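What follows is a set of notes on a single structure, which appears directly below.
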Ligand code: PAF
């Protein structure tokens, strides 16, 4: 497995392999790899000759400097985990300089309003940062296909929009959420959960499941109120938002329509750690 820190070198390597007819599946990550990431790499290896994994904590997508500073960085362990998977994997672990060349700033994007819902309301400029890094990584790696987890469902929708609006020559594949046996959605942030919070965090998924159960009989507004009330009684978890949204527009709804797919989305704080999750309702 080769690890590159420099875009010119990885580009040279990929260009050479591509001229021999090989295909590339790309998994962009911010490191602190867990089973969810490894399943994306596995998907990439199954459907392509090479998997390219980027490991880069992207500063322009953090609106909170403390969150950026505390984001787990475990490069050596990440590389070991990738080495343990069989297959042709190429790692790109660049510096901020290699990506941003002294201009650590996000471009501005118009994602047709998707960027203003949910995470966009609470994390200022987040999706401009995500759009900036993903577009640059696509230009460097030139993958055939890129794989993203559905845990960041809004991010996945925005990346599909980025590809469509900028006519980028890459296919986007969304992969289902991986969960701990407790139901907690796997996330690099889970590593920072203190034991009490880790024990309580599965409450998020349990509440999503309960909301799904109610979706058949109750309207969205009632379910949202019920969830908000459940969280208000919880001693450790603080709800930031819970919404039921149309999967295409990501706009929250109060009343359901026929022939429309809905998902429930939640963001909650466990101490200072922000956790998100979502679940298909129909
Ligand atoms: O989902 C993530 O880890 C990041 O947002 C991504 C897509 C790697 C961009 O930095």
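Residue numbers (my numbering): 10 to 291.
For every residue, glycine included, the Cβ atom is placed at its ideal position computed from N, Cα and C.
A quick note: this is a predicted structure, and the numbers were derived from the prediction, not measured.
Query                                                                                                                                                                         : Result
Enumerate in chain order the residues of its own chain whose CB-to-CB distance from residue 278 is below 6 Å, with the five nearest sequence positions on each side excluded. : 247
Let me know if residue 130 comes out buried or exposed under the rule of 16 or more other beta-carbons within 10 Å of its beta-carbon.                                        : exposed
Considering only residues of the same chain and omitting the five flanking positions on each side of residue 80, which have a CB-CB separation below 6 Å?                     : 66
Taking only runs of the alpha helix (DSSP H) that begin and end inside the stretch 193–230, which ones reach a length of at least 4 residues, in chain order?                 : 204–209, 212–224
Return the first residue and the last residue of the beta strand (DSSP E) that residue 179 is part of.                                                                        : From DSSP, residue 179 is part of no beta strand (DSSP E); its letter is neither H nor E.
For residue 211, which residues from the same chain have a beta carbon less than 7 Å from its beta carbon, with the 5 sequence-adjacent residues on both sides left out?      : 191, 192, 193
Please report the residue range of the alpha helix (DSSP H) in which residue 86 lies.                                                                                         : 84–93
Using only alpha-carbon positions, find the residue among 213, 25, 113 that is nearest to residue 160.                                                                        : 213
Comparing the CB of residue 186 with every heavy atom of the ligand PAF, is any distance shorter than 7 Å?                                                                    : no
Specify, as a first and last residue, the run of the beta strand (DSSP E) that residue 289 falls within.                                                                      : 282–289
Under DSSP, the beta strand (DSSP E) around residue 156 begins and ends at which residues?                                                                                    : 154–158
In chain order, what residues place their C-beta within less than 6 Å of a heavy atom belonging to the ligand PAF?                                                            : 37, 38, 39, 67, 70, 139, 142, 143, 161, 164
Quick check on the DSSP output: the alpha helix (DSSP H) that includes residue 108 runs from which residue to which?                                                          : 105–109
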